[in-house]
Structures are given as structure tokens and as C-alpha cells.
Amino acid sequence: ARNGQDFDIYLMDPADPSSVELVLEADGEFWPLAWSPDGRYIALTRYLSHTHTALYLLDVETKSLERLLAQWGDAVSFQAVEWSHDGRHLFFSSDHDAEFHRLLSYELATGTVAALTQDIGWDVIDLELTPDGTRIAFLVNEDSAPTLWVLDLASGAPRRVDGAPSGFVRAQLGFEGLYMHPRHARVALDINPASGATSVYSYDLDDSRWSRWTQPAADETERRPVEIVRYPTFDLVDGTPREVPAAVFRPAASFEPPYPVLIVIHGGPAAQAGPVLPRPFAIVVDGGAVVIQPNVRGSSGYGKSYMALDDGPLREDAVRDIGALLDWVGTQPDLDPERVAVMGASYGGYMTLAALTHYSDRLRCGIDMFGFSNLVTFLKASEEHHFPDAQRAEFGDERDPETRAFLESISPLSHAERITVPLMIYQGANDVRIKPQESRQMVERIRSTGGTVHYIEAADEGHDLSRPLNLLYVGAAYGDLLNECLFGGTT
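Mapping the sequence shown onto the numbering used here, position 399 (from 1) lands on 1277, and the numbers just tick up by one.
Okay, here's the thing in C-alpha cells:
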């Protein structure tokens, strides 16, 4: 990224590093996804938000950029892209005119689009073409767990690959999870069990055989399998309570219930928590607590309608989903509703602050990682990026006086005095997505009301926490807080 937000595209011969050449001085966040077979074009996407992306072709000879399917508008998402071997078609997934991302083909000469999958009912998130060009292996995000499918282009019939090794394909939206062999119809992928280390497997499309290629060191930690639950929330769908999906990670049976609970809220908001326990939280489970990762309304993976349930004036409904989760915790005999903490990063940090302003009487503590505290100042700062319209479509337009007043009224900063339990806030000083002022103003407001807040600002981090020493320091800090509020230890 040239300046933290414009993603320029360079070409380089790996054998000759001096050959580096700028082919696109970008205005925004561009991601190269696939070369044309003749090497002249690159298919790439311009990312505005999870729900707003655009598809482009870059001619590397003339350095010209052409947008494809602009007639679909901006409120559309494109994901994995591949070229046909003859260079006449692009295969990609998109949610245009559909509830979920479907696998589509696009004929470049005519602009004709054809749907290759229709009724799978989940998002297609990655794809690879076999070397002979007759089949497509693709991943489908089934209830937050990517699964392998194969499409025969001649028959048009997709099939789900059964008999996969126990575990979940490790795939991130927008990044490759599949790798096709250059000569054989054999696809490689990572499979991560709910507990333990990731292994590399391959699947042969011709003989339907799985092969394992890596054997990680044995993980002696005893963990129970993840459980995907659906808990009822406050509103109704066809007369019955809407259900919110969540991944529940319980500790080893050697620990005696009822267990304390850490609720981890993902960022986005249009993102999704999967059934694999993130490494920073494994120590929490191994210490005897339960980690719950809810996919509250607004999360991706469950269709566009679910993703839109928190838009604009509906923002607080997502926070109410956390309240419903607290209700559900209270109904589980092995969970302790008196020992619950909440934590999240980015949008999840905002949700953490919002949950604390509503439910401090039901929570022991909270941890906000570079979340925004005021929707108005956050949206105003987004003008410095290249996606303010997408953010305003999600949260509301702060330039409208009535909307501005509403956003101020629901912002955690406006209700800091309601946070009556210990809070830790971490912030990267170089964050350009959520400015440090969002955290600083929350810290100042809480302290002015007599609240307890521990603040860490890393001078060498942006919208993340990645440097080894910072990981150790910040991890130890929030570990101490969780130990105190969930296990009764002293910091």
C-alpha cells in the first residue's frame, strides 16, 4: 500500500528483482486475482467493503484499466476469480441478483453471464480450474465451515465432496484456500481440526481419493469438539424467534462446571466467525473457560438479508443479539452467567463497547481492540479513505442532521458512564482505518466519569496487532484482566 490505503500493482520477474515495474498506480484497494493465459491481462477487484467490490481487467502492456459489469452497480460483491484456459471466459463468485454468492461465468467477447450454481444455499468463496479445463473445484462456506465441491462444466452438475478428513478447510474470504496441481486434477488445501494443528491434504478429482501430506506435532491438549449452536434472539421470523448462529468452544472435561465465558465478537461487521478456535483464545479454553463466537445479525455467510439486518437505524439490534446470548448463557447448566467477559477487535471492538454500555450489570469486564467509540467521528474520518459511501450505506450518513443525532445517541462514547466494569483498550497509533482518537476519546471519557480503563497504544502498529513483542505484551495484559474477572485471580 503506497500510503496505507492505495494498493498499487507492480510486476517483477522473480529471477531479476531489478525488473520491478509499476503497472497500476491505484486509487483505492486493488487486489490482483488471476492472470490471463496469454499473460497480458490481470483480473482484479477493487475492495470498498465486504458488500461493495468491483471487478476489473488490467492490461499490463498498455497499463489501461477496464471495469467489468459496471451495470450491476456498486452494491455487489465479487470473490474468487479464474480464467478459462482459452482466455474467453472468467469464472467467479458473486452475490449479484442472489441471496448468496453463486459461481458464475462471464464471456469477455459478448459480456454474457451464466449462473453455474443456483440452489446450493451457501456462499461460493474460492475456485480452481482443472488443468484440462473441464471441471471446477470450489469451496462453499456451509454454516461457517468451508467444504469442497466439484462442478463438471459439460454436464453442469455440481457435487459436494463427501468423506473429507475431520476438520475444517482453512480459507479466508478473498484469499486462496485451494491450489490446483498444474498437470493433474488434484487440489491441495489446508484442513484445520477444531483443536490441533493444520495439515495439508490433497484431493484427486479422478479417483476421489484424499491424501495427507503433513503430520504436525501431536497436540497433547485435551479439547472437546466445537459445537455450532443457534440461540433465540429478540425478534420473530414467521412467528418464531430468530436464531443467531454461534461457535462454542468448551474446555476439557477435567474442568468442573459451571465454566466462565468469554464472548468474542468478530469485526466487519460483514465478516464471520468460523468453527476454528483462534490461537489467542486457546489458552482461555485450556484454562477452563468457554469461548463463544457469535455471528450476530450483519454477519456474512448467511445471505444478504441477514447481513442487512443491522444496517442504518437497525444498528442496535446487533447489540441486542449479544443480550440474547447472555440470556442463553443463563439457560445452560454448564455455563456461569455470573462470570462473563466480552471482547472484540475493530467493529467487534465497537460492539464490545456497546455491549458494555447496555449490559455492564451482566458482564465482568471487556476488552476493546482498536474499535470505534463514536459513529459520527468514525464515519467522518472514513472520508479520508476510498469507501465512505459503502460505510454510510452500512451505518448511516452522518451528514444528515437527523441521522447524525441518531448515531450520536447510540454511540458508546455518549454513554461511557454506563460502563461500570473494568475495561482494557488497545490501539495502534498508525491505524488509518479507525483513527487512534476513537480509543483516546473513550479512555478520556471513561476516566472522567470515574470508570476503570486500562489503555495500551502501540507506536509501531496500525489496524492490527502483529509485532511479536507487542503480541506478548498486549496478550499478557488482557490475559491478566481475564484471569482477574473470570477466574478470580489478581493482576
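C-beta atoms are modelled at their ideal positions from N, C-alpha and C, and glycine is treated no differently.
Subject >> Expected contact under 8 Å - CB spacing of Gly1152 and Ala1125 to nearest Å >> reply: As a working mapping, residue 1152 is identified with position 274 in the sequence shown. As a working mapping, residue 1125 is identified with position 247 in the sequence shown. Rounded, the Cβ-Cβ distance is 7 Å, consistent with contact.
Original post:
Between Thr1298 and Glu1322, what straight-line distance do the alpha-carbon atoms span, to the nearest angstrom?
Top reply: As a working note, residue 1298 is residue 420 in the sequence shown. As a working note, residue 1322 is residue 444 in the sequence shown. Distance from the CA atom of Thr1298 to the CA atom of Glu1322, rounded to whole angstroms, is 15 Å.
Subject >> DSSP beta-bridge partners of Gly1244 >> reply: Position 366 of the sequence shown, counting from 1, holds the residue named residue 1244. For Gly1244, which the question treats as bridged, DSSP gives the partners Val1220 and Leu1301.
**OP:** Report yes if the CB atom of Met1320 is closer than 8 Å to the CB atom of Leu1343, and no otherwise.
**Re:** Working through the sequence shown from its first residue, we reach residue 1320 at position 442. Working through the sequence shown from its first residue, we reach residue 1343 at position 465. The Cβ atoms of Met1320 and Leu1343 do not sit closer than 8 Å to each other.
Original post:
Buried or exposed: where does Asp1116 fall if 16 or more other Cβ atoms within 10 Å of its Cβ makes it buried?
Top reply: Residue numbering aside, residue 1116 sits at position 238 when the sequence shown is read from its first letter. Sixteen is the threshold: since fewer than 16 other Cβ atoms of the shown chains lie within 10 Å of the Cβ of Asp1116, the residue is exposed.
Subject >> Inside the stretch 940 to 1000 only - alpha helix (DSSP H) runs reaching at least 4 residues >> reply: Entirely contained in the stretch 940 to 1000, not one alpha helix (DSSP H) run reaches 4 residues.
Original post:
Looking at the unbroken beta strand (DSSP E) that takes in Arg1013, where does it start and where does it end?
Top reply: If you number the sequence shown from 1, residue 1013 lands on position 135. Note, Arg1013: beta strand (DSSP E), Arg1013 to Glu1020.
Subject >> Which listed residue (Val938, His1059, Met1185 and Phe1127) has its alpha carbon closest to that of Glu977 >> reply: Counted from its first residue, the sequence shown places residue 977 at position 99. Residue Met1185 is the option with its Cα nearest to Glu977.
Subject >> The beta strand (DSSP E) enclosing Asp1267, as first and last residue numbers >> reply: As a working mapping, residue 1267 is identified with position 389 in the sequence shown. Per DSSP, Asp1267 belongs to no beta strand (DSSP E); it is in the alpha helix (DSSP H), Pro1266 to Phe1273.
Original post:
Three-state secondary structure (DSSP) at Tyr1079?
Top reply: On the sequence shown, residue 1079 is found 201 positions in, with the first residue counted as 1. For Tyr1079, the three-state secondary structure derived from DSSP is strand.
Subject >> Sequence-distant residues of the same chain with beta carbon closer than 8 Å to Arg980, five excluded per side >> reply: What you label residue 980 is simply residue 102 of the sequence shown in a count that begins at 1. Only Ser971, Ser972, Asp973, Ala993, Leu994, Thr995, Gln996, Ile998 and Val1002 meet the Cβ criterion.
Original post:
What three-state label does DSSP hand Gln1171 in the structure shown?
Top reply: Translated into the one-based positions of the sequence shown, residue 1171 becomes position 293. In this structure, Gln1171 counts as strand in the three-state DSSP scheme.
Original post:
To the nearest whole angstrom, what separates the beta carbons of Phe1016 and Leu1005, a pair I think is in contact under 8 Å?
Top reply: Numbered from its first residue, the sequence shown carries residue 1016 at position 138. Numbered from its first residue, the sequence shown carries residue 1005 at position 127. Going by Cβ atoms, the distance from Phe1016 to Leu1005 rounds to 4 Å, so yes, they are a contact pair.
Subject >> Supposed close pair Glu907, Arg924 - CB separation, criterion 8 Å >> reply: For the purposes of this step, residue 907 is taken as the residue at position 29 of the sequence shown. For the purposes of this step, residue 924 is taken as the residue at position 46 of the sequence shown. Contact between Glu907 and Arg924 holds: CB atoms are separated by about 7 Å, below the 8 Å threshold.
Subject >> Unbroken stretches of the alpha helix (DSSP H), 4 residues or longer, contained in the stretch 1137 to 1194 >> reply: Fully enclosed alpha helix (DSSP H) runs of 4 or longer: 1157 to 1164 and 1182 to 1185.
Original post:
Straight-line CA distance for Arg1087 to His1236?
Top reply: The sequence position of residue 1087 within the sequence shown is 209, counting from 1. The sequence position of residue 1236 within the sequence shown is 358, counting from 1. For Arg1087 and His1236, the distance between alpha carbons rounds to 52 Å.
Original post:
Out of Gly1367, Leu900 and Pro1060, which has the shortest C-alpha to C-alpha gap to Val938?
Top reply: As a first step, residue 938 is located in the sequence shown; it is residue number 60 there, counting from the start. Scanning Gly1367, Leu900 and Pro1060 for the CA closest to the CA of Val938 turns up Leu900.
Original post:
How about His963 and Leu986: are their beta carbons less than 8 Å apart?
Top reply: Position 85 of the sequence shown, counted from the start, is the residue given in the question as residue 963. Position 108 of the sequence shown, counted from the start, is the residue given in the question as residue 986. Contact flag unset, no.
Original post:
If you follow the beta strand (DSSP E) that Glu1381 is part of, which residue opens it and which one closes it?
Top reply: As displayed, the chain neither begins before 879 nor continues past 1369, which places residue 1381 out of reach and without an answer.
Subject >> Within 8 Å, strictly: CB atoms of Ser927 and Glu1272 >> reply: Residue mapping note: residue 927 aligns to position 49 of the sequence shown, counting from 1. Residue mapping note: residue 1272 aligns to position 394 of the sequence shown, counting from 1. The answer is yes: Cβ separation under 8 Å.
**OP:** Measuring alpha carbon to alpha carbon, tell me which of Arg1193, Glu1216, Gln1210 and Leu1213 ends up nearest Tyr1228.
**Re:** Taking the sequence shown and counting its residues from 1, one reaches residue 1228 at position 350. Comparing Cα-Cα distances from Tyr1228 to each of Arg1193, Glu1216, Gln1210 and Leu1213, the minimum goes to Arg1193.
Original post:
Nearest-angstrom Cα distance between Arg1038 and Val1122?
Top reply: Translated into the one-based positions of the sequence shown, residue 1038 becomes position 160. Translated into the one-based positions of the sequence shown, residue 1122 becomes position 244. About 26 Å.
**OP:** Return the first residue and the last residue of the beta strand (DSSP E) that His930 is part of.
**Re:** For the purposes of this step, residue 930 is taken as the residue at position 52 of the sequence shown. Residues His930 to Asp937.
Subject >> CA-to-CA distance, Arg1120 to Asn1173, given in whole angstroms >> reply: In the sequence shown, counting from the first residue as 1, residue 1173 sits at position 295. In the sequence shown, counting from the first residue as 1, residue 1120 sits at position 242. Near 13 Å, if we compare the C-alpha coordinates of Arg1120 and Asn1173.
Subject >> Whole-angstrom distance between Phe1112 and Leu889, CA atom to CA atom >> reply: Indexing the sequence shown from 1 puts residue 889 at position 11. Indexing the sequence shown from 1 puts residue 1112 at position 234. Inter-residue distance for Leu889 and Phe1112 is about 52 Å (C-alpha atoms, whole angstroms).
**OP:** Mark Lys941 as exposed unless 16 or more other C-beta atoms lie within 10 angstroms of its C-beta, in which case mark it buried.
**Re:** For the purposes of this step, residue 941 is identified with residue 63 of the sequence shown, where counting begins at 1. When all chains shown are included, Lys941 counts as exposed.
Original post:
Which value, in whole angstroms, describes the spacing of the CA atoms of Glu1316 and Asn1070?
Top reply: Taking the sequence shown and counting its residues from 1, the one referred to as residue 1316 is at position 438. Taking the sequence shown and counting its residues from 1, the one referred to as residue 1070 is at position 192. Cα to Cα, the separation comes out at about 35 Å.
Original post:
Alpha carbon to alpha carbon, how far is Thr1327 from Glu1335?
Top reply: Locating residue 1327 in the sequence shown gives position 449, where the first residue counts as 1. Locating residue 1335 in the sequence shown gives position 457, where the first residue counts as 1. Their Cα atoms are separated by approximately 21 Å.
Original post:
What is the C-beta distance between Ile1143 and Gly1208, in whole angstroms, given that I count them as a contact (C-beta under 8 Å)?
Top reply: The residue labelled residue 1143 in the question sits at position 265 within the sequence shown. The residue labelled residue 1208 in the question sits at position 330 within the sequence shown. Ile1143 to Gly1208, Cβ: 19 Å. No contact.
Original post:
At which residues does the alpha helix (DSSP H) containing Asn1361 begin and terminate?
Top reply: As a working mapping, residue 1361 is identified with position 483 in the sequence shown. First-last of the alpha helix (DSSP H) with Asn1361: Pro1346 to Phe1365.
Original post:
For the alpha helix (DSSP H) that Val1254 lies in, which residues bound it at each end?
Top reply: Reading the sequence shown from its first residue, position 376 is the one you call residue 1254. Per DSSP, Val1254 belongs to the alpha helix (DSSP H) from Leu1253 to Ala1259.
Original post:
Could you give the C-beta distance for Ala1232 and Val1197, rounded to a whole number, given that I count them as a contact under 8 Å?
Top reply: One-based indexing of the sequence shown puts residue 1232 at position 354. One-based indexing of the sequence shown puts residue 1197 at position 319. At roughly 5 Å, the Cβ-Cβ gap stays under 8 Å, so Ala1232 and Val1197 are in contact.
Subject >> Touching by the beta-carbon criterion (3+ pairs, under 8 Å), the stretch 1081 to 1095 and the stretch 1161 to 1176 >> reply: Counting Cβ pairs under 8 Å, fewer than three are found: no touch.
Subject >> Where Thr1209 sits in the DSSP three-state scheme >> reply: Indexing the sequence shown from 1 puts residue 1209 at position 331. Thr1209 falls in the helix class under three-state DSSP.
**OP:** Please state if the CB of Pro1024 and the CB of Gly1055 are separated by a distance shorter than 8 Å.
**Re:** Your numbering for residue 1055 matches position 177 in the sequence shown. Your numbering for residue 1024 matches position 146 in the sequence shown. Using a Cβ distance threshold of 8 Å, Gly1055 and Pro1024 count as a contacting pair.
**OP:** Determine, using beta-carbon pairs with one atom in the stretch 1214 to 1222 and one in the stretch 1245 to 1252, whether at least three such pairs fall under 8 Å.
**Re:** Counting Cβ pairs under 8 Å, three or more are found: they touch.
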